[in-house]
Amino acid sequence: MSTSSDVDDDLVNLRQKLSLLPSISSTASSSFHEDVEYRTKDINTCSLTDFMNAEKTIFQPTTETDMIKSLIMCNENPMEKSSLFRSLIEHTEPTVNAQELAEHFSLAKHKEKDSKTTQIDEHLLRPFSECVEQYYRILYRVCECTEEIKQELRHVKSERDQMSEDLINAENAYTDVKKRNEKLKLIINEHKMNTETLKRFSEESVRYTEEQKQKYAVLKQHAQEKLNEYIYILIKTNINYYIVLQLHFRANSEIERLRRVHGSETEAVQTQLRYTQLRVQSLEQELRSVKQELEQKKKENIELTNICDELLATNKR
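Rendered as structure tokens:
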């Protein structure tokens with residue numbers, strides 16, 4: 001960031017100027033050694049004291065002030081410098097009163113003109129003035145960096161909230177799909193049970209039909225044997241032919257009746273068998289459709305699971 005590089009340059013310049021302050025003080029004291037006491041007293045009681053008091057009123061000492069001073073006086077270690085900047089941004093957002101600063105420097109300049117120690121004050125106050133200006137310039141740039149970081153933080157928080165909302169929606173959709181999957185499983189199990197029941201009923205119907213056919217064959221054979229016996233007895237005992245015909249007609253009628261009864265029973269069983277087969281076919285079709293729907297739901301479930309995993313991984317990052 002260009003602002004950070006400018007702040008670093010300003011810090012280097014400010015530190016160099018601060019390092020020159022002791023040499024300036026010693027030079028001034030050696031040049032005017034005749035009246036050291038007088039000039040020192042003047043400096044302590046006149047413009048320098050006023051300047052320091054005014055500086056304290058412009059910027060009240062706080063924890064943030066100590067942090068900025070530490071930042072100015074720190075070594076060339078970039079890790080230490082970045083740590084101090086981070087602490088300053090997290091704890092404060094200083095504001096600079098440019099009007100008060102201008103009034104203070106104009107007042108100090110006016111006092112310096114009226115002072116007897118103008119030369120020493122200029123030597124001493126110029127580095128202080130430059131340092132203070134550099135100091136407030138750094139504060140202003142730090143404020144700009146703080147505002148940019150706050151905007152980025154708000155943007156990241158909004159993205160986090162949106163991702164959390166998307167994750168909640170995905171979890172709700174996953175829960176709905178899971179519930180529908182459970183319902184489909186229950187329906188499939190019920191269809192399987194119904195299919196097995198109908199298959200058993202169909203097998204029992206086929207077995208019953210076979211038993212009825214066997215009974216009909218046995219009954220038919222028994223009736224034919226009885227008829228043959230009656231005919232043989234009638235012929236043997238010389239009974240009237242008319243009686244024989246009547247007996248034969250009765251036997252045929254009985255056989256026809258039994259045939260009709262058996263036919264109606266057979267048709268009923270066959271009808272029931274056809275209905276059972278149709279029911280089994282419809283249930284098999286429904287089972288196939290339910291299986292297809294279940295496969296589709298499983299695919300959707302897998303897709304939703306992948307989306308949830310991606311959202312969780314993105315949220316963790």
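For what it's worth, this note's numbering labels the leading residue of the sequence shown as 1, then goes sequentially.
Ideal placement from N, C-alpha and C gives every residue a C-beta, glycine not left out.
Taking E171 as the centre and dropping the five residues before and after it, the same chain places the C-beta of C308 closer than 8 Å to its C-beta, in chain order.
With respect to L287, T197 sits apart: the two C-beta atoms are not nearer than 9 Å. Counting only the Cα atoms, V290 lies some 43 Å from S158. Here the C-alpha atom of L219 lies approximately 21 Å from the C-alpha atom of Q246. In this structure, the beta-carbon distance from T266 to Q212 falls below 9 Å.
L139 is classed as buried because its beta carbon has at least 16 other beta carbons within 10 Å across all chains shown. The shortest C-alpha to C-alpha distance from R250 to any of Q272, L227 and K185 is the one to L227. With respect to L312, L167 sits close: the two C-beta atoms are nearer than 9 Å.
Counting only residues of its own chain and dropping the five nearest sequence neighbours on each side, Q162 has no CB closer than 8 Å to any other CB. If you draw a straight line from the Cα of I255 to the Cα of E210, it is about 20 Å long.
Less than 9 Å separates the beta-carbon of T305 from that of Y174. If you compare the alpha carbons of L294, L278 and T314 with that of F201, the shortest gap goes to L278. Contact between K297 and N181 holds: CB atoms are separated by about 5 Å, below the 8 Å threshold. Contact between N301 and V177 holds: CB atoms are separated by about 5 Å, below the 8 Å threshold.
Taking a 10 Å sphere around the C-beta of Y135, we find 16 or more other C-beta atoms and assign the residue as buried. For the set L186, V261, K199 and I231, the Cα lying nearest the Cα of R274 is the one of K199. Put simply, the backbone Cα of E130 is about 52 Å away from that of E165. One thing to note: S205 has its Cβ no nearer than 9 Å to the Cβ of Q281.
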